[in-house]
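> In this text, residue positions in the sequence shown follow the working numbering: the first is 13, and each later residue adds one.
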Amino acid sequence: VALRLALGNIHRPGALTPSVVLSLGLGLTLLVTLALIDGNLRRQISGSLPERAPNFFFVDIQSGDVDAFSALIGKEAPGGTLAKVPMMRGRVMALNGIDVGKVSVPPEGAWVLRGDRGLTYDAKMPANATLTQGTWWPQDYAGEALVSFSAEEGRQIGLKLGDTVTVNVLGRNVTARIANFRQVEWETMGINFVMVFSPNTFAGAPHGWLATLTDKNASTADDARLLNAVTRAFPAVTTVRVKDALDIVNRLVGQLGTAIRTAAGVALIASVLVLSGALAAGNRARIHDAVVLKTLGATRRTLITAFSLEYVLIGLATAVFALAAGGVAAWFVVARIMTLPSHFMPEVAVATMLVSLAVTVGI
13 VALRLALGNI HRPGALTPSV VLSLGLGLTL LVTLALIDGN LRRQISGSLP ERAPNFFFVD
73 IQSGDVDAFS ALIGKEAPGG TLAKVPMMRG RVMALNGIDV GKVSVPPEGA WVLRGDRGLT
133 YDAKMPANAT LTQGTWWPQD YAGEALVSFS AEEGRQIGLK LGDTVTVNVL GRNVTARIAN
193 FRQVEWETMG INFVMVFSPN TFAGAPHGWL ATLTDKNAST ADDARLLNAV TRAFPAVTTV
253 RVKDALDIVN RLVGQLGTAI RTAAGVALIA SVLVLSGALA AGNRARIHDA VVLKTLGATR
313 RTLITAFSLE YVLIGLATAV FALAAGGVAA WFVVARIMTL PSHFMPEVAV ATMLVSLAVT
373 VGI
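1. By Cβ distance, which residues of its chain are closer than 7 Å to residue 12, with the 5 residues on each side in sequence left out?
2. Closest to residue 108 by C-alpha separation, out of 339, 190, 314, would be which residue?
3. Please determine if the stretch 188-206 and the stretch 234-247 are in contact, where contact requires at least 3 C-beta pairs separated by less than 8 Å.
4. I need the boundaries of the beta strand (DSSP E) containing residue 98, first residue and last residue.
5. Quick check on residue 189: does DSSP put it in helix, strand or coil?
6. Using only the alpha-carbon positions, how far apart do residue 94 and residue 139 sit?
7. Between which residues of its own chain and residue 88 is the CB-CB distance below 6 Å, once the five residues before and five after are set aside?
8. Evaluate the contact criterion for the stretch 129-148 versus the stretch 258-270: three or more CB pairs, one atom per stretch, below 8 Å.
9. For residue 145, I'd like the list of residues in its chain whose CB is within less than 8 Å of its CB, leaving aside the five on either flank, ordered along the chain.
10. To the nearest angstrom, report how far apart residue 105 and residue 197 are at their CA atoms.
11. Residues in the same chain with beta-carbon distance under 7 Å from residue 195, minus the five sequence neighbours each way, listed in chain order, please.
12. Determine the contact status of residue 276 and residue 33, defining contact as a CB-CB distance below 8 Å.
13. Tell me which residues share the same chain as residue 360 and place their Cβ nearer than 7 Å to its Cβ, disregarding the 5 neighbours each side in the sequence.
14. Whole angstroms is fine: what's the gap from residue 154's alpha carbon to residue 212's?
15. Between residue 137 and the rest of its own chain, which residues show a CB-CB distance below 6 Å, the 5 nearest in sequence each way excluded?
16. Starting from residue 73, trace the beta strand (DSSP E) in both directions and tell me its first and last residue.
17. Identify which residue in 352, 347, 331 has its Cα closest to the Cα of residue 43.
18. Short check: CB of residue 67 to CB of residue 227, under 8 Å?
19. Have a look at the DSSP bridge pairing and note the partners of residue 195.
20. On a CA-only basis, which of 222, 183, 126 is nearest residue 82? Give me that one, please.
21. Can you name the start and end residues of the alpha helix (DSSP H) that residue 327 belongs to?
22. Any idea what DSSP makes of residue 127, helix, strand or coil?
23. If I follow the unbroken alpha helix (DSSP H) through residue 86, where does it start and stop?
24. With distances taken between CB atoms, is the gap from residue 169 to residue 124 smaller than 8 Å?
25. Would you check if the distance between the CB atom of residue 368 and the CB atom of residue 40 is smaller than 8 Å?
26. If you draw a straight line from the C-alpha of residue 218 to the C-alpha of residue 157, how long is it?
27. Is residue 209 helix, strand or coil by DSSP?
28. Report all residues from its chain with a CB closer than 7 Å to the CB of residue 165; omit the five preceding and five following residues, and keep chain order.
29. With C-beta atoms as the reference, is residue 128 less than 8 Å away from residue 167?
30. In terms of residue numbering, what span does the alpha helix (DSSP H) encompassing residue 166 cover?
31. Rounded to whole angstroms, what's the CA-CA distance from residue 252 to residue 90? Just pull it up for me.
32. Could you please give me the residues that DSSP links to residue 111 through a beta bridge?
33. Classify residue 344 as buried or exposed, calling it buried when 16 or more other Cβ atoms lie within 10 Å of its own Cβ.
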């Protein structure tokens with residue numbers, strides 16, 4: 013009997029069910045969405061990235077110091093793997109002879125054409141890359157300037173095999189033809205470039221070197237000793253410890269998530285206050301229903317059970333709505349907008365919802 017009364021109260025004309033589900037459900041959905049986005053970002057930063065990322069980045073190694081630098085790294089980190097590539101700065105000036113200022117590209121690919129880019133050349137295909145179109149040039153290639161372009165960025169810009177890219181390096185415009193596209197795994201945080209040129213493109217041009225050191229067995233003390241040795245021997249080289257950078261990013265993500273969740277919590281509290289006013293306004297009608305049911309023979313226990321079940325069912329429907337909508341929204345933001353692996357974390361979503369509901373009931 014109590015269950016039938018509860019179900020009848022939920023879907024009867026003038027019931028507050030839609031107001032409760034929308035006002036409370038949307039607030040909970042927002043909090044669940046933010047919690048899942050924050051959890052996915054933290055998982056990406058503190059999970060797979062540190063396992064694949066190198067220990068150090070070394071920037072602006074002078075060409076005359078490369079051998080001495082490599083020898084020092086070999087002495088201080090004998091178990092590590094040193095990867096180094098030539099690097100120079102350049103700016104994309106034209107695509108197929110058309111000034112980049114006149115080329116229309118979607119926002120996700122516009123960053124490639126904006127400002128200076130890191131450029132490199134190599135006779136061999138990078139070990140962490142996979143060709144998706146075209147072929148790599150021979151090691152002794154000496155023909156026209158060629159360039160290998162990142163497949164994803166090339167697709168966003170609208171490039172195809174045989175197109176030309178003009179870059180300005182050291183005040184000189186250099187035009188190269190796209191020989192191939194390659195899949196770049198930016199998530200590895202290793203040495204990656206949007207454009208890799210054939211060696212003859214920049215023959216004789218002055219440039220520095222970029223290097224990474226990967227040593228998974230190194231301790232914090234080992235990293236500190238290596239950092240001190242490199243700083244003393246090569247003060248002009250910029251050394252970046254990747255773990256420190258990841259810690260800073262993780263802390264910033266946490267602070268940003270806290271601020272956003274606080275704002276969402278305030279919005280939820282406001283919706284609860286509005287909902288409380290609606291419930292108070294319908295209190296007289298509920299008392300009238302209770303009197304009628306009491307007259308018809310309903311016991312006090314039956315009425316209390318019916319009203320309790322009504323609120324439990326409404327709360328359950330609201331929770332299911334918040335979990336489903338919040339999960340879909342978080343997936344869309346992480347997978348579609350951020351293009352990162354998305355995982356539904358039920359413990360995070362349920363804990364966020366339960367805490368929010370507890371705070372709401374307390375208010």
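For glycine and all other residues, C-beta sits at the position ideal for the given N, C-alpha and C.
Per the coordinate set shown:
1. For residue 12 there is no data in the structure shown, the boundaries of the chain being 13 and 375.
2. 190
3. no
4. 93-107
5. The three-state reading of DSSP puts residue 189 in strand, counting E and B together.
6. C-alpha separation (whole angstroms): 13 Å.
7. Listed in chain order, the non-local C-beta contacts of residue 88 below 6 Å within the same chain comprise 238, 241, local neighbours out to five positions each way being set aside.
8. no
9. The residues are 163, 173, 192, 193.
10. 25 Å
11. Counting only Cβ-Cβ distances below 7 Å, and skipping sequence neighbours, we find 141, 142, 144, 163.
12. For residue 276 and residue 33, no; Cβs fall outside 8 Å.
13. The beta carbon of residue 360 sits closer than 7 Å to those of 47, 48, 51, all from its chain and outside the five residues before and after it, given in chain order.
14. 6 Å
15. 148
16. From DSSP, the beta strand (DSSP E) with residue 73 extends over 68-74.
17. Selected option, being the one with the closest Cα: 331.
18. yes
19. 142
20. 222
21. Going by DSSP, residue 327 is part of the alpha helix (DSSP H) stretching over 312-343.
22. coil
23. In this chain, the alpha helix (DSSP H) harbouring residue 86 covers 78-88.
24. yes
25. yes
26. 17 Å
27. strand
28. Within the same chain, 121, 124, 206 come within 7 Å of residue 165 by CB-CB distance, once the 5 residues on both sides are set aside.
29. no
30. 163-169
31. 19 Å
32. 106
33. exposed
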